[in-house]
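Take 8 as the starting number for the sequence shown in our numbering and just add one per residue. Built from N, CA and C at the ideal position, the CB exists for glycine as well. What you are looking at is a predicted structure, and each value in this text was computed from that prediction instead of being measured.
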Amino acid sequence: MKDFLNKIFGKTRPKEIVEEENDSIDFSSHSITDETVEYNEDGETRFVRLYNETGGKFLYSGNESELLSYLKEIAHENNFTSFWCADPKLQKYLNSLGIEYTTVPNARNQINLIDCEYLIAFNGSVMISSHQTDNRKLHEMSNTFIVIAYPNQIVDNISDGLRKIKDLKRNNIPTNITTIKGLKHDSMQQTNSKNIYLLLTERT
């Protein structure tokens, strides 16, 4: 995993892909046609490079101890004091750091701590759903997200992510599936442009 981080900055930029942003992605209508492109870099490298180019903030941690250190540093350096987190697994991280949080949806919360469905290599976006947002729309949430994800969540394109959701969550398919990108994303007026901290973490 560490090897691919050294390859991110020296690659020739592949053919540009333009994706139409939507508030949610429809399983039935989404097509792979506009996402298919050949490029000379692996999915991990491409995702991180394009994610960074959209203005997302990326941190890699090799274990849970490093993850907690980064999470504490992000909260301290940005004076984040108001967290929203509905995931019991992620709440354990906040509890261990002594960081206060609420499970009650509130647009005034400074930061949302979530996991994600998948990381999309073809455009550097983060796929999330109602399972992360507690059934809220993006415009009902604050603009800053800390996303905790794992390398095996990187997929080639949105269609791959949708297929995996359908296969792995067939008895509990989420709603409001969408993607978010960093603030430098071309569609600055879109609700999908967010202030994102991505902590890509090895499972230990």
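task: Verify whether the separation of the beta carbon atoms of residue 126 and residue 100 is less than 8 Å.
output: On the sequence shown, position 119 is the one that residue 126 refers to. On the sequence shown, position 93 is the one that residue 100 refers to. Not closer than 8 Å, so no.
- request: Grab the span of the alpha helix (DSSP H) containing residue 156 for me, first residue to last.
  value: Residue 156 sits at position 149 when you count from the first residue of the sequence shown. Unbroken run through residue 156 is the beta strand (DSSP E), 151-156; no alpha helix (DSSP H).
task: Could you tell me the boundaries of the beta strand (DSSP E) in which residue 68 lies?
output: As a working note, residue 68 is residue 61 in the sequence shown. Per DSSP, residue 68 belongs to the beta strand (DSSP E) from 64-68.
- request: Name the one or two DSSP bridge partners that residue 188 has.
  value: Position 181 of the sequence shown holds residue 188. 200, per the DSSP bridge assignment.
task: Spell out a yes or no on whether the stretch 86-99 and the stretch 108-122 are touching, meaning 3 or more CB-CB pairs, one atom from each, closer than 8 Å.
output: They touch, by the three-pair rule.
query: Grouping DSSP H, G and I as helix and E and B as strand, with all else coil, what is residue 5?
result: For the chain, the structure presents residues 8 to 211; residue 5 sits outside this window and is missing.
message: Between which residues of its own chain and residue 122 is the CB-CB distance below 8 Å, once the five residues before and five after are set aside?
response: Taking the sequence shown and counting its residues from 1, one reaches residue 122 at position 115. Only 94, 96, 97, 139, 154, 155 and 156 meet the Cβ criterion.
- request: Would you mind working out which of 162, 129, 89 and 186 sits nearest residue 136, comparing C-alpha positions?
  value: Residue numbering aside, residue 136 sits at position 129 when the sequence shown is read from its first letter. For the residues 162, 129, 89 and 186, the minimum Cα distance to residue 136 belongs to 186.
query: Going by C-alpha distance, which of 119, 169, 168 and 159 is nearest residue 146?
result: The sequence position of residue 146 within the sequence shown is 139, counting from 1. Nearest of 119, 169, 168 and 159 to residue 146, Cα basis: 119.
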